[in-house]
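This report concerns only the one structure given below.
Number of protein chains: 2
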Amino acid sequence: MKKLISLLFLLPILISAQHEETIKKIYDESLSNGHVYENLRYLCKEIGNRLSGSPEAAAAVEYTKQLMESYGFDTVYLQPVMVPHWVRGKKEVVRAINSDKHGTFEMNALALGNSVGTGPEGILGDVIEVSGIDEVNELGKKVEGKIVFYNGEMDPTIINTFGAYGGAVIQRSSGASEAAKYGAKAIIIRSVTNRQDDIPHTGSLRYKALINQIPAVAISTNDADKLSAILKEQKLNVYIETHCQILPDVLSYNVIGELRGSEFADEIIAVGGHLDSWDVGEGAHDDGSGCMQAVEAVRLFKTLGIKPKRTLRAVMWMNEENGLRGGQEYARVAKEKGEKHIAALESDSGGFQPLGFSMSGNENQKTKVRAWKDYFLPYRVWDFTQNGGGADIGPLSQQGTLLIGLRPSTQRYFIYHHTPADVFEAVDRRELELGAASMAAMIYLIDREGLN
Amino acid sequence: MKKLISLLFLLPILISAQHEETIKKIYDESLSNGHVYENLRYLCKEIGNRLSGSPEAAAAVEYTKQLMESYGFDTVYLQPVMVPHWVRGKKEVVRAINSDKHGTFEMNALALGNSVGTGPEGILGDVIEVSGIDEVNELGKKVEGKIVFYNGEMDPTIINTFGAYGGAVIQRSSGASEAAKYGAKAIIIRSVTNRQDDIPHTGSLRYKALINQIPAVAISTNDADKLSAILKEQKLNVYIETHCQILPDVLSYNVIGELRGSEFADEIIAVGGHLDSWDVGEGAHDDGSGCMQAVEAVRLFKTLGIKPKRTLRAVMWMNEENGLRGGQEYARVAKEKGEKHIAALESDSGGFQPLGFSMSGNENQKTKVRAWKDYFLPYRVWDFTQNGGGADIGPLSQQGTLLIGLRPSTQRYFIYHHTPADVFEAVDRRELELGAASMAAMIYLIDREGLN
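As structure tokens, then:
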């Protein structure tokens, strides 16, 4: 009897030591011989930005497919999906005409994604500044014929910058239609960032049905401050010229690479990021990092000879930025085929130092994952308290899949987000490697322990 | 009786809510209206690097004194201290002479701090590569007349990069004397960094008494790899020319600014960093950040009208990099005057996102501070498990002072450490501000709660 008790006590400890050891191998390999940084370099420097429907997006599909084939994943395939095809066209002009102090001057601007263009004739109008959508509703018909300038800021006191982003981004996503319903002719928004600089931030808007679609641009925070200061002194005319167009949908793909499970092959663990990016910069943090980390996570299994019991899938979703078609199609096909996704892990918060994992799922699933926290503490990954998964994996939630988001440090993300500054050089090698290893360690534990 | 129990239960909760509120004000002010970033800009861009004994070090003393005076601290004063005066002189030359493949080529090099120079005649010698001091001891007299090339690397698998630094830095600090005792004529070291690039990292060495003092230089990791590859193929002659000199000691100062305590003025809480830096780059992370954060921590009390019960001291210590004279003198004077330092908090690990505090002191003190962890969790400062304080506050430990180190993320530190790349632009505003607020919050709690 004594012997049996000892065994019962020893068993969980033995399992735990084995997991600890494997996880250490994962981190060691990622930090010593990692591929993720050089793979990201290729994606950023050889292909560059890759908005849905662009030739570069097609190149990124081909590159990641070949990359996973070169690693000898069991199956690598493309999942077709029709995506929107918005093009920016010729460089935007946002020009103040009649400033007493500054005369005529140009602002650093980017048209918002999905927005209509002014065409070559441009739009000229009086500018009226508002702090947000509430103020537009208060002003009502007073914005008619005007260019509405949304100057709401991200709240710097919110420590998780994504929280502050969530508070400010509504003027970008909904501001155009909210102003158009009172007859505004265009909108200018303060870039959604917590930094004071000359860099404009693009990002998508959504036009509401049955409301006039008006042009929309973002200007840099320095320009927004300048514009606001002038508007306190005088009426100001601004000229906007954008050449954006929405072209017919284009055939594109989610890129999928699989290691087949040895015991429970029908249980799928997906790990990924989105392959598309905005059409400026190189989509390095958003979300080249997440894609290359997902491929690396699965490569680490291959290289270290860790045979998964369940089926691991690295997925590069297409079209997160301006449609989410890839994520939706992936979930639709999964349901249609009767695939069972037990978990989906997304990295889409930049390639910064990983600090935790957020989750969206039932309490049993979350409790099980939270119990693994001690495996991650040696790697400084400590926060398992937050809610949420990721945009692309969101559509899987209806299938009972546990959604997990890699949560890196958020302090520097909005320097780069949706800007020309989101380039390879903005990503730190060790931080990126720690993220890839953390993802591999998480899918390893799910693979070994399951989620029941 | 019932009433009394309720009160007893309520009391600690009320106190806690007040602390929470004050700490939130501290972080809000730092993130919304912080001065630390602009103050660091001045120190880096207007003054620049500031090795002990240099005119720039004197400028930094004057600047920080005036800065604290401008904030209306109760007392601002200079504490005299004699410091070593090492000068680099003319740019180093480290040149490979007879590579079959590359011919003659220059390496990116910096003389090590405190090292002697070769003089204009230089030193020419055969290079012998070793992985560390152990190998020098094995080789013994075989290194006689040679240039010893220490090529030990930082271990990338150690998550806290300071741990990996500690393992590799001994070849920089002790390598020269260890090689000289067998008759080596100079040493070259692989820069102590975990990055592969062209940037050489300086830093101090210590010559052992009664051993010949030989010149010592660091080369970039790319050059170290190149050198090592060539040495596998052929014998290689390298020419080294350095013009370093150790001049007579110079009068310098620790800079001290005080807010006097209202209840326990004789109990001192010191918070600081070191004002000197290496003579390359701008000493932005090392340790302009720590100095400006310490000033900001005390300014936050002034600005928010938080009256300290105990005496708060912002201290900018001089000469951490190549002598530690400032830290030693500060502790000596404190002892001589019978000052009672209950705690000293140093920020000298870069201006990165703060993740925790390390401590060195007795168990009672540490337990008390650890109990405050929940106040910091909303600000993502979570790790109170590590040991250690800081170099400059180290000499206070003999007086029973609790030593505390701000522990930011360490992943990016050794990109910049002791290099021309340690410039203002390498510091992130929000990360720096979070660190300053975390320091202010910690000294606030010590001030209010004491450490008994």
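Residue numbers (this note's numbering), protein chains in the order written: chain A, 1 to 452; chain B, 1001 to 1452.
Yeah, the Cβ is synthetic: ideal placement off N, Cα and C, and Gly gets one too.
Keep in mind it's a predicted model, so treat the numbers as computed, not measured.
Burial state of residue i, where buried means 16 or more other Cβ atoms lie within 10 Å
{"i": "A:Arg88", "result": "buried"}
{"i": "B:Thr1193", "result": "buried"}
{"i": "A:Lys235", "result": "exposed"}
{"i": "A:Ile97", "result": "exposed"}
{"i": "B:Gly1305", "result": "exposed"}
{"i": "B:Asp1102", "result": "It is worth fixing the name first, because residue 1102 of chain B is His in this sequence and not Asp. Exposed, since its Cβ has fewer than 16 Cβ neighbours within 10 Å."}
{"i": "A:Pro80", "result": "exposed"}
{"i": "A:Gly394", "result": "buried"}
{"i": "B:Ala985", "result": "A question about residue 985 of chain B goes unanswered here, because the residues of chain B that appear run from 1001 up to 1452."}
{"i": "B:Gly1261", "result": "buried"}
{"i": "B:Ser1016", "result": "exposed"}
{"i": "A:Tyr77", "result": "exposed"}
{"i": "A:Ser32", "result": "exposed"}
{"i": "A:Lys25", "result": "buried"}
{"i": "B:Ala1164", "result": "buried"}
{"i": "A:Ser191", "result": "buried"}
Proximity test, Cβ basis, 7 Å: residue i and chain B
{"i": "A:Gln328", "result": "no"}
{"i": "A:Ser409", "result": "yes"}
{"i": "A:Glu449", "result": "no"}
{"i": "A:Tyr375", "result": "no"}
{"i": "A:Arg430", "result": "yes"}
{"i": "A:Trp372", "result": "no"}
{"i": "A:Tyr416", "result": "no"}
{"i": "A:Arg299", "result": "no"}
{"i": "A:Trp86", "result": "no"}
{"i": "A:Arg412", "result": "yes"}
Neighbour flag for residue i against chain A, beta carbons, 7 Å
{"i": "B:Asp1422", "result": "no"}
{"i": "B:Glu1092", "result": "no"}
{"i": "B:Tyr1379", "result": "yes"}
{"i": "B:Trp1317", "result": "no"}
{"i": "B:Ala1437", "result": "no"}
Check: residue i C-beta below 6 Å from any heavy atom of the ligand ATP
{"i": "B:Pro1408", "result": "Absence of the ligand ATP from the depicted structure is noted, as is the absence of any ligand whatsoever, leaving it without description."}
Can you confirm whether the segment 173-183 of chain A touches the segment 426-433 of chain A when touching is taken to mean that 3 or more C-beta pairs between the two stretches lie within less than 8 Å? no
Using 8 Å as the threshold, is the segment 1117-1124 of chain B in touch with the segment 1240-1247 of chain B, meaning 3 or more CB pairs across them? yes
Please list the residues of the segment 1134-1164 of chain B that have a C-beta atom closer than 7 Å to any C-beta atom in chain A, keeping them in chain order. Within the segment 1134-1164 of chain B, the qualifying residues are Pro1156, Thr1157 and Ile1159.
Interface positions of the segment 1255-1280 of chain B facing chain E (Cβ-Cβ less than 7 Å), listed along the chain: Among the protein chains of the structure shown, namely A and B, there is no chain E.
What alpha helix (DSSP H) runs, 4 residues minimum, are completely inside the segment 1195-1266 of chain B? 1221-1233
For the segment 1283-1355 of chain B, which segments carrying the alpha helix (DSSP H) assignment without a break, of at least 4 residues, lie completely within its bounds, in sequence order? 1289-1304 and 1325-1337
Selection of the segment 1322-1355 of chain B by Cβ proximity to chain A, strictly under 8 Å: Gln1353 and Leu1355
Closer than 8 Å is the cut-off here; do at least three beta carbon pairs connect the segment 373-389 of chain A with the segment 354-362 of chain A? yes
Members of the segment 1031-1051 of chain B near chain A, C-beta cut-off 7 Å: Leu1031 and Ser1032
Validate contact between the segment 1254-1272 of chain B and the segment 1124-1135 of chain B using beta carbons, cut 8 Å, 3 pairs: Output reads no: the segment 1124-1135 of chain B does not touch the segment 1254-1272 of chain B.
Hey, which unbroken runs of the alpha helix (DSSP H) at 4 residues or more fall wholly within the segment 1389-1425 of chain B? 1413-1416
Do the segment 342-349 of chain A and the segment 1383-1403 of chain B make contact, defined as three or more Cβ pairs closer than 8 Å? The segment 342-349 of chain A is not in contact with the segment 1383-1403 of chain B.
The segment 1016-1028 of chain B: which residues have C-beta closer than 9 Å to a C-beta of chain A, in chain order? Lys1024, Tyr1027 and Asp1028
Every unbroken beta strand (DSSP E) inside the segment 1140-1194 of chain B [3 residues or more]: 1147-1150 and 1186-1190
Segment contact flag, the segment 143-157 of chain A with the segment 1410-1421 of chain B, C-beta cutoff 8 Å, min 3 pairs: no
Could you please tell me which residues of the segment 1114-1128 of chain B, in chain order, have their CB closer than 7 Å to any CB of chain A? none
If you pair each beta-carbon of the segment 406-419 of chain A with each one of the segment 256-269 of chain A, do three or more pairs fall below 8 Å? no
Is there contact here, the segment 362-379 of chain A with the segment 326-333 of chain A, by at least three beta-carbon pairs under 8 Å? The segment 362-379 of chain A vs the segment 326-333 of chain A: no contact.
Residues in the segment 1178-1198 of chain B with C-beta within 8 Å of chain A's C-beta atoms, listed in sequence order? Asn1194 and Arg1195
Would you call the segment 58-66 of chain A and the segment 196-206 of chain A in contact, with 3 or more CB pairs under 8 Å? no
Quick check: the segment 1287-1306 of chain B against the segment 1167-1175 of chain B, are there 3 or more CB pairs under 8 Å? No contact exists between the segment 1287-1306 of chain B and the segment 1167-1175 of chain B.
Jot down the residue ranges of each uninterrupted beta strand (DSSP E) in the segment 41-125 of chain A, minimum 3 residues, whole runs only, in chain order. 75-87, 93-99, 103-106 and 109-111
On the three-pair Cβ rule with 8 Å, is the segment 219-233 of chain A touching the segment 46-60 of chain A? Using a C-beta cut-off of 8 Å, the segment 219-233 of chain A makes no contact with the segment 46-60 of chain A, since fewer than three inter-stretch Cβ pairs fall below that distance.
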